[in-house]
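Report on the following structure.
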Ligand SMILES: *Cc1c(COP(=O)(O)O)cnc(C)c1O
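In my numbering, the protein residues as written are 14 to 495.
Shown next as structure tokens:
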């Protein structure tokens, strides 16, 4: 093979203008616009320049590449004009998977987004008076209904409760601390100085809010007397933080919520609880007993609770602050609230999600529907997929699919130890390792995200939408050809 003459190869490359004048490029320009085609040509030519520079192309391979230039430009164009944010199939069984977008929205939520966001709306306009309104009213009224309907219960919520919405729960905690405790002290147990992931750390949020953290107790044991002993004239707030993503077991002690409420009332200091997930649905009905609900805390007399919209609530990303109206008013009038407020898309999605709760239509909310799926229902769907893949496969013997017992995880910082019983499809392949299988599933369109355990790929249908089953079958069937 002759030595590579790089300068001669660079000379062979056409200029962008030359390419733009070619007939096939003109067709592309007509379809996709001049700017996009020019940009794609630049990218393709730059790639060739780099390959020449690295000595990866010789005379023949460059000619070959130049012969396929129009196709390369078209491919580049397709790639740059397609969406980067795409749907995928979550077969991990983790219902609230932060990396996969947490809660999928209810169909009613995006219908409502479409209807109210593609036209003008009464977001901040009172149609009856013709005057300026508040954007919170749209969801506050539904929270009122949910909390009011609880009044019929034996241990009713006594105080008037208001709710405001900010960008996420991290913002909710920041706003609440800044509004209620700026320049003062907040008492927190050392066992609750948590990091939630994505750099949300209680001590950091505390300093950003200009409140001073007053740690009490020890990592594993904190008593009510520790809180009481730390209260002084600078104390503005008692804070309890839900241990969302870990547990402390063994020699442990933590005061009950009722003890904290009693102390807060006696010393006239508000009690705030960062619930994290904040279920509005009784998880005990799906066998999860350790996750506190929003209603449980308000009923117990906690003054302010903060929670996420896209965790167990099953709505859009949002941070919700519910609690004593006089305290919520202080947060609403804080200029931080204006900076952290959410847009009409979030209000629309949240309003539709909350309406499903008010109507007690829990199956309309995807995360609730997934939590409520029984092991038998999941097993039936898994069996059907296995038999369909078997009958569609060209070389069925290569991919072994079997049903095994397993657990689905709620995730999203909810109930770290709570698991739901499920049936899993366990896949192994005659020629591919579990990691290779997993990689191929991810490369499928739409991508299938599964988990690998003990040399097998495990697929949990709890988090796969029935509409996605045909795609999942096709992805598995394709693996039998390898
Ligand atoms: C998840 C979580 C947060 C952060 O909520 P985002 O909505 O993700 O901002 C804060 N505190 C606790 C206890 C959590 O579980």
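Cβ atoms here follow ideal geometry from the backbone N, Cα and C, with glycine treated the same way. In this text, all values refer to a predicted model and were calculated from it rather than measured experimentally.
Distance CB(residue i)-CB(residue j) smaller than 9 Å
i, j, result
"residue 204", "residue 245", "no"
"residue 282", "residue 251", "yes"
"residue 385", "residue 298", "yes"
"residue 108", "residue 425", "yes"
"residue 361", "residue 126", "yes"
"residue 414", "residue 399", "yes"
"residue 228", "residue 206", "yes"
"residue 79", "residue 26", "yes"
"residue 453", "residue 445", "yes"
"residue 329", "residue 116", "yes"
"residue 273", "residue 237", "yes"
"residue 195", "residue 248", "no"
"residue 156", "residue 333", "yes"
"residue 440", "residue 489", "yes"
"residue 101", "residue 459", "yes"
"residue 395", "residue 438", "yes"
"residue 464", "residue 106", "yes"
"residue 98", "residue 357", "no"
"residue 363", "residue 322", "yes"
"residue 239", "residue 202", "yes"
"residue 186", "residue 319", "yes"
"residue 103", "residue 476", "yes"
"residue 423", "residue 410", "no"
"residue 255", "residue 287", "yes"
"residue 365", "residue 181", "no"
"residue 267", "residue 235", "yes"
"residue 471", "residue 443", "no"
"residue 86", "residue 53", "yes"
"residue 370", "residue 159", "yes"
"residue 47", "residue 33", "yes"
Residue i versus residue j: straight-line alpha-carbon distance, rounded
i, j, result
"residue 402", "residue 375", "32 Å"
"residue 148", "residue 138", "8 Å"
"residue 67", "residue 456", "28 Å"
"residue 416", "residue 50", "50 Å"
"residue 551", "residue 265", "As shown, the chain starts at 14 and ends at 495. That puts residue 551 outside it, with no answer to give."
"residue 327", "residue 285", "23 Å"
"residue 473", "residue 481", "13 Å"
"residue 167", "residue 314", "With a pLDDT of 49 at residue 167, under the threshold of 50, the modelled position of this residue cannot be trusted, and the question is left open."
"residue 483", "residue 447", "22 Å"
"residue 110", "residue 293", "19 Å"
"residue 223", "residue 189", "11 Å"
"residue 347", "residue 179", "12 Å"
"residue 144", "residue 305", "40 Å"
"residue 184", "residue 95", "32 Å"
"residue 493", "residue 76", "37 Å"
"residue 258", "residue 62", "49 Å"
"residue 44", "residue 38", "10 Å"
"residue 270", "residue 88", "60 Å"
"residue 355", "residue 154", "17 Å"
"residue 69", "residue 56", "17 Å"
"residue 367", "residue 377", "11 Å"
"residue 36", "residue 131", "39 Å"
"residue 21", "residue 28", "15 Å"
"residue 479", "residue 467", "27 Å"
"residue 120", "residue 372", "15 Å"
"residue 19", "residue 31", "21 Å"
"residue 175", "residue 387", "35 Å"
"residue 221", "residue 200", "16 Å"
"residue 114", "residue 83", "37 Å"
DSSP beta-bridge partners of residue i
i, result
"residue 441", "413"
"residue 421", "433"
"residue 138", "145"
"residue 237", "Note: residue 237 sits in no beta bridge, so no partner."
"residue 292", "306"
"residue 391", "Paired residue(s): none; residue 391 is not in a bridge."
"residue 248", "198"
"residue 319", "287 and 334"
"residue 470", "440 and 465"
"residue 253", "286"
"residue 31", "BP columns for residue 31 are empty, so no partner."
query = Where are the beta strand (DSSP E) runs, 3 residues long or more, that stay fully inside the segment 348-375, in chain order?
reply = none
query = Can you give, in chain order, each stretch of the alpha helix (DSSP H) that sits fully within the segment 173-231 and has at least 4 residues?
reply = 182-194 and 215-221
task = Kindly provide the ranges of any alpha helix (DSSP H) runs that are 4 or more residues long and lie completely inside the segment 71-148, ordered along the chain.
result = Here the runs fully enclosed are 72-80, 82-94 and 120-130.
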